[in-house]
Structures are given as structure tokens and as C-alpha cells.
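Below: the structure, in C-alpha cells.
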DNA sequence: CCGGATTTTCAGAAAGAGTTCAGGTTCGTG
DNA sequence: CACGAACCTGAACTCTTTCTGAAAATCCGG
């Protein structure tokens with residue numbers, strides 16, 4: 376059970392490490408964001424514990440860099456007490472859980488076990504259609520020619536819907552339901568606008584229009 | 376409109392039920408996961424509402440059991456506020472939508488209607504006559520030689536009418552009634568115009584004219 | 001509060017579907 | 001066999017839907 380602990384407070388890091396080792400983990404420590412990024416990419420950890428308050432850069436950036444380079448092990452972030460914003464941002468950036476300082480080591484261990492258990496069943500999930508591959512974790516689109524495009528949130532949700540069922544016609548109303556909830560309902564033209572953007576990525580022929588019916592993702596080719 | 380409500384909080388369940396019934400649903404309640412699994416498999420519901428926090432087993436397991444035994448009605452899951460993980464897992468396990476507690480009953484009803492509407496189109500229905508197959512979902516015509524033509528709305532409605540009863544003679548007046556409602560009544564020549572377009576797809580011999588009587592779709596070959 | 005990214009809106013252009021029209025053709029009947 | 005009614009045909013026209021590019025509004029992190 377290899378763990379990466381990213382924590383600049385050396386005293387805390389030492390203490391944690393000894394307890395984690397007692398609990399059966401094998402722990403690598405690093406104190407800097409820079410090293411954390413490299414280690415995370417290089418080594419094969421089963422989980423990471425990441426303090427967000429680092430001297431040489433933000434912990435969130437470390438997490439984002441990991442996630443954008445296919446580092447998929449579960450990450451628990453440590454935040455200052457009550458720092459609600461950090462917590463939210465952390466989860467958005469791909470963290471699996473968080474713990475506010477100060478905390479009991481038992482709780483950290485319990486949560487680490489929890490996120491590791493959860494992550495076991497987690498596949499690096501991608502949707503593949505023709506020469507396109509949509510990466511759900513990284514929210515980006517890879518094309519067979521080797522190019523890769525990161526998508527904005529709305530672009531991604533729309534494309535996932537279409538690619539999730541290639542050949543199926545989705546009406547604009549259905550797509551609206553997928554992208555927006557009941558209280559927010561923008562102009563229907565918004566679908567057309569996003570379809571256009573996606574077509575610039577995947578090519579116009581890949582997303583077909585069925586006039587009066589809707590749109591579909593072409594599974595052939 | 377039969378619904379299954381799986382909710383262990385009896386008070387909440389009662390309240391919801393009375394409101395759902397006002398909205399025109401007929402609701403079965405169960406408080407346990409065990410019973411939920413059985414009922415879902417046994418009865419013919421149009422949708423399900425599933426609370427993930429159940430005493431005797433996880434709501435997700437109920438959903439998984441349903442889905443792995445071909446229970447296909449749409450399911451909306453109720454999660455504790457902000458329980459981000461539950462929501463994600465729920466959707467992965469086959470839920471159609473989710474709602475975080477606490478919620479407005481109106482929103483629940485709206486979403487139920489939405490997922491039920493969406494699920495209607497899930498059955499794949501086609502009409503097959505001779506070497507032609509009309510796909511009602513995709514509104515397109517497949518021919519035995521492998522070609523496929525997507526149809527416009529009016530083309531499709533007319534062809535479905537003819538193919539729905541091969542060999543039967545439909546008068547122009549009957550066809551007009553099928554295609555248009557009372558307030559819109561275009562030139563009668565419109566039928567001839569569309570028959571012509573269809574013949575270009577299926578071949579002139581496939582749609583026969585009975586002078587003075589009407590048209591029919593040839594079932595022989 | 002600023003600057004960049006993202007989302008949303010808008011309005012004119014383009015394309016497509018639906019409809020009409022003006023002959024031409026065919027058929028049945030007297 | 002001549003005539004009218006019914007039907008066929010191709011093109012033109014109208015109206016709706018979709019496309020498109022740009023601008024405005026909003027969100028978000030610093």
C-alpha cells in the first residue's frame with residue numbers, strides 16, 4: 376500500500392508517517408509542490424494525501440497537474456479548518472475526499488481506506504466512438520491522429536450525451552434537459568451554438584443534423 | 376402512471392405519496408431495500424424514486440440488482456445534500472436522474488415526468504415489409520441492399536401509414552386526415568407530390584395507384 | 001476589482017421542408 | 001376514339017429551422 380504524503384510541515388509529516396506505517400501503509404513524503412508533481416506522475420501510488428497549503432505553489436495546482444496527466448490514484452486533501460472554499464475547489468479539481476485540520480490520525484486512516492476502496496472499482500472511463508475517445512476523468516477529447524482537446528464543462532456534457540449513444544437522435548429539448556435543470560433554461564439556440572463548437576473539433580460530418588428531429592453522433596467512421 | 380417509491384422515512388414517504396397522487400401518479404411505497412428489489416422486478420412500474428440511504432442495505436445495490444435483471448423503468452435517486460459521491464455512483468449504476476435532499480416536491484414531479492418522457496423512446500420499434508424496414512425511432516428507411524435513407528417528417532408519416540397495412544388501399548382523403556389536422560388542409564395534390572417522393576426511394580412499383588380509389592404499399596416483394 | 005475563460009444571446013444568412021402550380025400523361029367511359 | 005377526370009411531374013415559391021459569427025453577459029480565480 377504505497378502512499379504519497381505531500382505536507383510541508385515536517386513535524387506533522389513525520390508523525391503522520393509513523394502512524395500510517397503502523398497502519399500498514401508504505402509512505403513517501405515530499406515537502407514541495409514541485410517534487411509532488413513529479414513523484415505523483417512517476418511512481419505508482421495507491422493514494423495520496425495532499426496538504427493544500429504549500430510554500431512553493433498551491434496544492435490545488437499539484438492536483439490539477441496530476442489529474443491532467445492521467446494520475447488517477449485517489450487523493451485526500453488537507454485543508455485549514457473551515458476553509459470551505461478550498462474544499463469545494465479541491466473536489467472540483469479531482470480530489471476524492473477532504474479532511475480539515477486538525478484531525479485525528481484514525482480518521483485520516485479510515486478515510487484513506489474508504490477512498491481506496493471506492494477507487495478500486497473505478498475505471499479510467501472513456502467513451503470511444505470511431506476515431507474519437509472521450510476521457511471522462513480529464514474531460515477531454517482525443518482523436519486518432521494524436522491530437523487532444525480539453526473541453527469546457529458544457530461542451531463535455533453535450534458531447535458525452537451524444538457519444539454515449541452513437542447513431543441515436545437527440546432532440547434539442549432532450550439535450551436541453553441533459554445540460555440544464557429546470558430553473559435555468561436559456562435560449563434554445565444555445566444547443567445550436569454548442570453543436571457548432573463541437574463540430575469545429577470533430578468535423579461537421581461527425582455530428583449530423585436531422586432537421587425537425589435533432590442531432591446525432593455518427594458512429595460510422 | 377404507477378410509481379415505486381423506496382424511502383425509509385415513513386413521514387416523508389407519506390407526504391410525498393399524497394402529493395404524487397395529486398399529480399396523477401399511483402404510488403406504491405416500500406421502506407426496505409429487500410422489498411424494493413422484489414417489487415421492482417415483479418411489478419410493472421413506469422418509474423421509480425429511490426432513496427439511497429436505506430437501513431437494510433444500500434440503495435445503490437437495489438438499483439444494481441434491478442438493472443442487472445432487466446428492470447428498465449427510469450429511476451430517480453434521492454441523495455443527501457451535497458453527497459457528491461453518491462450522485463456519481465448512482466448515475467453510474469444506472470440511475471436516470473438525481474435530486475438532493477431537501478427538495479421541492481414540484482421539482483421531483485417535474486423530473487419524474489422528464490425521465491419518463493425520455494424513457495419512452497427506449498424501445499426500438501420498426502415496421503418491416505418486404506425488403507423495407509422503417510425505423511420509427513430514427514425516422515429512417517432501411518432497404519435490404521444495405522442503404523438507409525432518413526425521411527422528413529411528412530414523408531415518414533405517410534410511409535408509416537402505408538407500410539403499417541401493406542396491401543390496403545388508402546384513399547387520398549384518408550391520407551390527408553392522417554397527415555394533417557382539421558385546421559390545416561392544403562391542396563390535395565400534396566399527397567401526389569409526396570407519393571412521388573416516396574416512389575423515388577422505394578421504386579415506383581412498390582407503391583401502386585388504384586385509380587379513383589387511392590394508393591397501396593405492395594407487400595409482395 | 002480585474003482579466004481571461006466560458007456561457008449566452010442576437011440577428012442575418014443559408015438550407016431544407018412543405019406547398020403550390022402549370023402543364024403533361026394516362027386511364028376509363030360513352 | 002375523343003373527352004374529361006384522375007394522376008404524374010418538375011420546378012418554383014414560401015415558410016421554418018438551422019447555421020454562423022460576433023457581441024454581450026457571466027463566472028472565476030487571483
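Protein chains in written order, with our numbering: chain C, 376 to 596; chain V, 376 to 596.
Using N, Cα and C, we set each Cβ at its ideal position, and we do this for glycine too.
query: So what does DSSP say about residue 420/V, is it helix, strand or coil?
result: Within the second chain, the letter at position 45 stands for residue 420/V. It is coil, neither helix nor strand.
message: I want to know whether the region 407-423 of chain V touches the region 387-395 of chain V - three or more CB-CB distances under 8 Å.
response: no
query: Given residue 452/V, which residues of its chain have a CB within under 6 Å of its CB, disregarding the five upstream and five downstream residues?
result: In the second chain, residue 452/V corresponds to position 77, counting from 1. Answer for residue 452/V: 425, 427, 465, 470, 473, listed in chain order.
field: 8 Å Cβ cutoff met for residue 423/C and residue 448/C
entry: Position 48 of the first chain, counted from the first residue, corresponds to residue 423/C. Position 73 of the first chain, counted from the first residue, corresponds to residue 448/C. Yes, the pair counts as a contact, with Cβ atoms nearer than the cut-off.
query: Just how far apart, CA to CA, sit residue 535/V and residue 551/V?
result: Here the question's residue 535/V lines up with position 160 in the second chain. Here the question's residue 551/V lines up with position 176 in the second chain. Each residue's alpha carbon lies about 13 Å from the other.
- request: Taking 8 Å as the cut-off, decide whether the C-beta atoms of residue 412/V and residue 378/V are in contact.
  value: If you number the second chain from 1, residue 412/V lands on position 37. If you number the second chain from 1, residue 378/V lands on position 3. No; because the gap between Cβ atoms is not below 8 Å, this pair is not in contact.
- prompt: Under three-state DSSP, which class holds residue 383/C?
  reply: Here residue 383/C refers to the residue found at position 8 when the first chain is read from its first residue. Three-state result, residue 383/C: coil.
Selection from 541/V, 393/V, 511/V that minimises the alpha carbon distance to residue 404/V: In the second chain, residue 404/V corresponds to position 29, counting from 1. Considering only alpha carbons, the answer is 393/V.
Assumed close pair residue 585/C, residue 500/V - CB separation to whole angstroms, cut-off 8 Å: Taking the first chain and counting its residues from 1, the one referred to as residue 585/C is at position 210. Taking the second chain and counting its residues from 1, the one referred to as residue 500/V is at position 125. Their Cβ separation, rounded to whole angstroms, is 17 Å, which puts residue 585/C and residue 500/V out of contact at 8 Å.
- request: Determine whether the Cβ of residue 469/V lies closer than 8 Å to any Cβ atom of chain C.
  value: Locating residue 469/V in the second chain gives position 94, counting from the first residue. Chain C contact via Cβ: absent.
message: Taking the beta carbon of residue 382/C as the centre, do at least 16 other beta carbons fall within 10 Å, making it buried, or is it exposed?
response: Position 7 of the first chain, counting from 1, holds the residue named residue 382/C. Residue 382/C comes out buried.
field: Neighbour-count burial assignment, residue 579/C, 16 or more Cβ in a 10 Å radius
entry: The residue given as residue 579/C occupies position 204 in the first chain. With fewer than 16 Cβ atoms within 10 Å of its Cβ, residue 579/C is classed as exposed.
query: Does the Cβ of residue 531/V have 16 or more other Cβ atoms within 10 Å, making it buried, or fewer, making it exposed?
result: What you label residue 531/V is simply residue 156 of the second chain in a count that begins at 1. That one is buried.
query: Roughly how many angstroms lie between the CA atoms of residue 610/V and residue 549/C, to the nearest whole one?
result: Only positions 376 to 596 of chain V appear in this structure, which leaves residue 610/V out of reach.
query: Can you give the Cα-Cα distance for residue 569/C and residue 537/C, rounded to whole angstroms?
result: As a position in the first chain, residue 569/C is number 194, starting the count at 1. As a position in the first chain, residue 537/C is number 162, starting the count at 1. For residue 569/C and residue 537/C, the distance between alpha carbons rounds to 12 Å.
query: Is DSSP giving residue 570/V helix, strand or coil here?
result: Start at 1 with the first residue of the second chain, and residue 570/V comes out as number 195. Residue 570/V: helix per DSSP, three-state reduction.
task: Below 8 Å on the Cβ atoms is my guess for residue 408/V versus residue 434/V; work out the distance and round it to an integer in Å.
output: Residue numbering aside, residue 408/V sits at position 33 when the second chain is read from its first letter. Residue numbering aside, residue 434/V sits at position 59 when the second chain is read from its first letter. Going by Cβ atoms, the distance from residue 408/V to residue 434/V rounds to 7 Å, so yes, they are a contact pair.
message: Looking at chain V, is there any beta carbon in it that lies within less than 8 Å of the beta carbon of residue 588/C?
response: Here residue 588/C refers to the residue found at position 213 of the first chain. Chain V, which has a Cβ nearer than 8 Å to the Cβ of residue 588/C, makes this yes.
Whether residue 518/V touches residue 591/V by CB criterion (8 Å): Counting from 1 along the second chain, the entry for residue 518/V is found at position 143. Counting from 1 along the second chain, the entry for residue 591/V is found at position 216. In this structure, residue 591/V does not lie closer than 8 Å to residue 518/V by Cβ.
message: Nearest by alpha-carbon distance to residue 504/C: which of 376/C, 577/C, 479/C, 380/C is it?
response: Along the first chain, one-based indexing puts residue 504/C at 129. Among 376/C, 577/C, 479/C, 380/C, the Cα nearest to that of residue 504/C is on 577/C.
For residue 581/V and residue 573/V, the rounded distance between their alpha carbons: Taking the first residue of the second chain as 1, we reach residue 573/V at position 198. Taking the first residue of the second chain as 1, we reach residue 581/V at position 206. Distance between the alpha carbons of residue 573/V and residue 581/V is about 9 Å.
task: Please compile the residues from chain V whose C-beta is within a distance smaller than 8 Å of the C-beta of residue 544/C.
output: Taking the first chain and counting its residues from 1, one reaches residue 544/C at position 169. Simply 512, 513, 514.
- request: Count the other CB atoms, across all protein chains shown, that sit within 10 Å of the CB of residue 468/C; report buried if there are 16 or more and exposed otherwise.
  value: Position 93 of the first chain, counted from the start, is the residue given in the question as residue 468/C. Answer is buried; the Cβ neighbour count reaches 16.
message: Given a cut-off of 8 Å on the beta-carbon distance, is the pair residue 554/C and residue 522/C in contact?
response: Taking the first residue of the first chain as position 1, residue 554/C is located at position 179. Taking the first residue of the first chain as position 1, residue 522/C is located at position 147. Against a cut-off of 8 Å, the Cβ pair of residue 522/C and residue 554/C comes out as no contact.
Proximity to residue 588/C [Cα-Cα], best of 515/V, 396/V, 559/V: As a working mapping, residue 588/C is identified with position 213 in the first chain. It is 515/V whose Cα lies nearest to the Cα of residue 588/C.
query: Count the other CB atoms within 10 Å of the CB of residue 513/V; is the residue buried (16 or more) or exposed (fewer)?
result: As a first step, residue 513/V is located in the second chain; it is residue number 138 there, counting from the start. Answer is buried; the Cβ neighbour count reaches 16.
field: Assigned exposure category for residue 507/V - 16 Cβ within 10 Å defines buried
entry: One-based indexing of the second chain puts residue 507/V at position 132. It is buried - the Cβ of residue 507/V has at least 16 other Cβ atoms within 10 Å.
- request: Grab me the residues of residue 541/C's own chain with a C-beta within less than 6 Å of its C-beta, minus the 5 sequence neighbours each way, in chain order.
  value: On the first chain, residue 541/C is found 166 positions in, with the first residue counted as 1. Around residue 541/C: 504, 592, 594.
field: Through-space distance from residue 483/V to residue 395/V, alpha-carbon basis
entry: Along the second chain, read from residue 1 onward, the residue named residue 395/V stands at position 20. Along the second chain, read from residue 1 onward, the residue named residue 483/V stands at position 108. Computed Cα separation, rounded: 9 Å.
message: Shorter than 7 Å, the distance from the beta carbon of residue 451/V to the closest heavy atom of the ligand NAP, or not?
response: Ligands in the displayed structure: none, and consequently the ligand NAP is not present.
query: Apart from the five residues on each side of it in sequence, which residues of its chain come closer than 8 Å, Cβ to Cβ, to residue 476/V?
result: Mapped onto the second chain, residue 476/V falls at position 101. Correct list, in chain order: 453, 454, 455, 456.
- prompt: Quick one: does residue 422/V have its CB under 8 Å from some CB of chain C?
  reply: Position 47 of the second chain holds residue 422/V. Not an interface residue.
- prompt: How should residue 520/V be labelled, buried or exposed, when 16 other C-beta atoms within 10 angstroms of its C-beta is the threshold for buried?
  reply: Here residue 520/V corresponds to residue number 145 of the second chain, with the count starting at 1. Classification for residue 520/V: exposed.
field: Minimum Cβ-Cβ distance from residue 528/V to chain C less than 8 Å
entry: Here residue 528/V refers to the residue found at position 153 of the second chain. Yes, because at least one Cβ of chain C sits closer than 8 Å to the Cβ of residue 528/V.
message: Can you pull out the residues from the region 559-589 of chain C whose beta carbon lies closer than 8 Å to at least one beta carbon of chain V?
response: 585, 586, 587, 588
message: Which runs of the alpha helix (DSSP H) at least 4 residues long sit entirely within the region 474-533 of chain V? Give them in chain order.
response: 480-495
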